[in-house]
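This report refers to the structure that appears directly beneath it.
Number of protein chains: 2
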Amino acid sequence: MKDVTVVGAGPIGLAIAWRCAARGMAVEVVDDGLPGAWHASAGMLGPVAEAYFGEAQLTALLVESAKRWPGFAAELGAEEIGYRAEGTLVVALTGDDLAEAERLRAYQAGLGLPITPLRPTELRDREQLLSPRVRGGAHAPDDHQVNPRRLVPALRKAATAAGVAIVRESGPAGVTVIAAGTGSAALTGLPVRPVKGQILRLRAPGHQPPGFSHVIRGYADGRHVYLVPRLDGEVVVGATVEERADAHVTAGGVVELLRAAADLVPEIYEYELAEAIAGHRPGTPDNAPLIGPHSDGVIVATGHYRHGIVLTPLTADLVADLVETGQLDPILGPFAPGRFA
Amino acid sequence: MKDVTVVGAGPIGLAIAWRCAARGMAVEVVDDGLPGAWHASAGMLGPVAEAYFGEAQLTALLVESAKRWPGFAAELGAEEIGYRAEGTLVVALTGDDLAEAERLRAYQAGLGLPITPLRPTELRDREQLLSPRVRGGAHAPDDHQVNPRRLVPALRKAATAAGVAIVRESGPAGVTVIAAGTGSAALTGLPVRPVKGQILRLRAPGHQPPGFSHVIRGYADGRHVYLVPRLDGEVVVGATVEERADAHVTAGGVVELLRAAADLVPEIYEYELAEAIAGHRPGTPDNAPLIGPHSDGVIVATGHYRHGIVLTPLTADLVADLVETGQLDPILGPFAPGRFA
Chain S
1 MKDVTVVGAG PIGLAIAWRC AARGMAVEVV DDGLPGAWHA SAGMLGPVAE
51 AYFGEAQLTA LLVESAKRWP GFAAELGAEE IGYRAEGTLV VALTGDDLAE
101 AERLRAYQAG LGLPITPLRP TELRDREQLL SPRVRGGAHA PDDHQVNPRR
151 LVPALRKAAT AAGVAIVRES GPAGVTVIAA GTGSAALTGL PVRPVKGQIL
201 RLRAPGHQPP GFSHVIRGYA DGRHVYLVPR LDGEVVVGAT VEERADAHVT
251 AGGVVELLRA AADLVPEIYE YELAEAIAGH RPGTPDNAPL IGPHSDGVIV
301 ATGHYRHGIV LTPLTADLVA DLVETGQLDP ILGPFAPGRF A
Chain H
1 MKDVTVVGAG PIGLAIAWRC AARGMAVEVV DDGLPGAWHA SAGMLGPVAE
51 AYFGEAQLTA LLVESAKRWP GFAAELGAEE IGYRAEGTLV VALTGDDLAE
101 AERLRAYQAG LGLPITPLRP TELRDREQLL SPRVRGGAHA PDDHQVNPRR
151 LVPALRKAAT AAGVAIVRES GPAGVTVIAA GTGSAALTGL PVRPVKGQIL
201 RLRAPGHQPP GFSHVIRGYA DGRHVYLVPR LDGEVVVGAT VEERADAHVT
251 AGGVVELLRA AADLVPEIYE YELAEAIAGH RPGTPDNAPL IGPHSDGVIV
301 ATGHYRHGIV LTPLTADLVA DLVETGQLDP ILGPFAPGRF A
């Protein structure tokens, strides 16, 4: 019998399994073979620029996990997983957009997070491709990125090397960890719902690196968009947020994303549209994760919503602690799976 | 030895082979296995709404071929090939768009072609989904449509049933017909160039028939777009016209097509974006086709540019006549392959 069965082979499940195996436990991961939310994720590691009004506890969790990312990336091979630390630029197109971005930036700065306002010329000093229409923004130097489609294979490799068995059907185990994203609802009865996101992959001409290197967190005429540039020429543009369970890419979703992105970085109009897909974030009633004991012998680690990638290292470490010691780190207190019961 | 080898297994080549075989000739078609321009074509049969200033001879050819389409479709099975005869609505968004559309309509009407102006309410009586912003348009009752991706398999079936051999490598033949689209340039030295077109396939929710049945030939803030509704729920939206040989779908191409289409038929924003591809029309210096004798034992039928589908029946009939009798129909006089030499 295994010590631990992890249900779910996304980044969260694989990282938990890897951490448990590294502590000497016998671990298996149940993989249904279907790509999860990570497959449609841009991989922004943005605890600062994503910090939102009224979510101070979640922000503390994001910040703590982001701190662990450099070491986590180094263990897996930073280059192999597309980890980039150029930072994030917040970019606002209109005066109204800038007012919205500034309200949020003041809140983030008030929490002591590293984010500094930038004037239009200062933005364009950092990224020449930004539209001359841009009215202002900010710099979040600690908000980085990783490529989830490289991260997951690297985690599989690391977990397997540590002795984890990746299987289709689970056997009996001492502890079961449910890390199945939107699939966790059916397994646990917990309130995890799919929140549809449409996301695009563009390619710079000739597969050259794109002409910008920061992650761009944009506000464009009231539309929110991000652009994540990869060294291989890919630019990920995302994402819609829709309370829908279908996986259709819609004409309207694509147009709104591309218009907003091109309003900020006009050059992307010339880029190839390489992929358009929809995924489903695991949302919860407060859109914060569910991490902790669920029932006898069952732990859950799900509901990471838009923050699964940034929260992967911390979730893995603390769930491994929980499995090993039975002790729950106090930072997880607000994220108890049973809080909506 | 075959009587006829046709190089090219698109609609033109297959239809020529079919017609020749039906007259008792031994025919083979050389198919390189690559989809041609037809694969990215919407299949508009629009001799009237596509009639353009200074192209009266080409328009006469289009009209003559369009007359043959009902019989041609009936031979292949009108339903099987997605032939629809609901007609075409010309739709103009702004006052400037209407002025442009009206100038062309007056020219078309002056040639005696069936096209009548419609006021906005008259347009919306025919298609309720049209945007309330639409300023006017016209009705071209004889401009129909077919589905090229159904047409080509039907032509292969008909040709094969008539005894045509479809092969990868050609053997010797009495007459060779070059109907290889953009590939004809390399085979003949004739001035045929690729003109890139990006085209989208949308799907109505639930794969229901779209909420409109006419082909829409649109003018939207100076952008030209068409929407072709199929009974299976597909709506084809096209097309860019670019003097480029690459086959990339670009962010800008997709945005411009979808914005223009949604400005006229807002509902399509909710449609699934099922496919975005680029194809290459075989263009010539005057963008009219090259049909007729090329050299000893070689006939060409290429350069159909944007009109390959509508010109298929006439091209097939007249090239079969030419092969059989050596006589060229006078309507083809202006389209001699050597006219640019």
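Respectively, the protein sequence lines represent chains S and H. Here the first sequence stands for residues 1 to 341, where the numbers follow the UniProt record's numbering. Here the second sequence stands for residues 1 to 341, where the numbers follow the UniProt record's numbering. Quick reminder that beta carbons are idealized off the backbone N, C-alpha and C, glycines included. Note that the structure is predicted; figures quoted are calculated from it, not measured.
Separation of residue j from residue i, as counted between CA atoms
i, j, result
"residue 66 (chain H)", "residue 179 (chain H)", "20 Å"
"residue 17 (chain S)", "residue 323 (chain S)", "11 Å"
"residue 257 (chain H)", "residue 182 (chain H)", "24 Å"
"residue 123 (chain H)", "residue 274 (chain H)", "28 Å"
"residue 331 (chain H)", "residue 61 (chain H)", "7 Å"
"residue 120 (chain S)", "residue 128 (chain S)", "11 Å"
"residue 374 (chain H)", "residue 102 (chain H)", "Residue 374 (chain H) lies beyond the residue range present for chain H, which begins at 1 and ends at 341; the question has no answer from this structure."
"residue 108 (chain S)", "residue 116 (chain S)", "10 Å"
"residue 168 (chain H)", "residue 28 (chain H)", "10 Å"
"residue 204 (chain H)", "residue 187 (chain H)", "42 Å"
"residue 307 (chain H)", "residue 3 (chain H)", "28 Å"
"residue 70 (chain S)", "residue 305 (chain S)", "22 Å"
"residue 47 (chain S)", "residue 39 (chain S)", "20 Å"
"residue 54 (chain S)", "residue 247 (chain S)", "30 Å"
"residue 219 (chain H)", "residue 106 (chain H)", "16 Å"
"residue 253 (chain S)", "residue 164 (chain H)", "46 Å"
"residue 158 (chain S)", "residue 217 (chain H)", "56 Å"
"residue 26 (chain H)", "residue 15 (chain H)", "14 Å"
"residue 100 (chain S)", "residue 64 (chain S)", "26 Å"
7 Å Cβ shell around residue i - same chain, five flanking residues per side excluded
i, result
"residue 176 (chain S)", "5, 7, 297, 298"
"residue 249 (chain S)", "198, 276, 277, 278"
"residue 98 (chain S)", "92, 135, 136"
"residue 321 (chain S)", "327, 329"
With 16 other Cβ atoms within 10 Å as the buried cut-off, status of residue i
i, result
"residue 207 (chain S)", "exposed"
"residue 335 (chain S)", "buried"
"residue 340 (chain S)", "exposed"
"residue 292 (chain S)", "buried"
"residue 234 (chain H)", "buried"
"residue 210 (chain S)", "buried"
"residue 212 (chain S)", "buried"
"residue 272 (chain S)", "buried"
"residue 133 (chain H)", "exposed"
"residue 221 (chain S)", "exposed"
"residue 24 (chain H)", "exposed"
Backbone secondary structure at residue i - three-state DSSP
i, result
"residue 313 (chain H)", "helix"
"residue 51 (chain H)", "coil"
"residue 219 (chain H)", "strand"
"residue 75 (chain S)", "helix"
"residue 3 (chain H)", "strand"
"residue 203 (chain S)", "strand"
"residue 245 (chain H)", "coil"
"residue 209 (chain S)", "coil"
"residue 23 (chain H)", "coil"
Distance cut-off 8 Å: residue i Cβ against heavy atoms of the ligand NAP
i, result
"residue 264 (chain S)", "Among the components modelled here there is no ligand, and therefore nothing to report on the ligand NAP."
Sequence-distant residues of its chain with Cβ nearer than 6 Å to residue i (five each side left out)
i, result
"residue 242 (chain S)", "196"
"residue 162 (chain S)", "18, 21, 22"
"residue 59 (chain S)", "51"
"residue 31 (chain H)", "9, 166"
"residue 269 (chain S)", "262"
"residue 194 (chain H)", "182, 245, 280"
"residue 80 (chain H)", "154"
Cβ neighbours of residue i in the same chain (closer than 8 Å, five flanking residues each side left out)
i, result
"residue 43 (chain H)", "82, 145, 146, 147, 148, 151, 228, 236, 309"
"residue 131 (chain S)", "93, 263, 264, 265, 266"
"residue 192 (chain S)", "181, 182, 184, 185, 282, 283, 284, 290, 302, 303"
"residue 126 (chain S)", "89, 118, 139, 214"
"residue 68 (chain H)", "313, 314, 317"
"residue 95 (chain S)", "135"
Distance CB(residue i)-CB(residue j) smaller than 9 Å
i, j, result
"residue 225 (chain S)", "residue 88 (chain S)", "no"
"residue 12 (chain S)", "residue 312 (chain S)", "yes"
"residue 84 (chain H)", "residue 230 (chain H)", "yes"
"residue 155 (chain H)", "residue 34 (chain H)", "no"
"residue 223 (chain S)", "residue 260 (chain S)", "yes"
"residue 1 (chain S)", "residue 238 (chain S)", "no"
"residue 337 (chain S)", "residue 294 (chain S)", "yes"
"residue 314 (chain H)", "residue 328 (chain H)", "no"
"residue 114 (chain S)", "residue 141 (chain S)", "yes"
"residue 387 (chain H)", "residue 111 (chain H)", "Residue numbering for chain H in the displayed model covers 1 to 341; residue 387 (chain H) lies beyond these limits and cannot be assessed."
"residue 143 (chain H)", "residue 288 (chain H)", "no"
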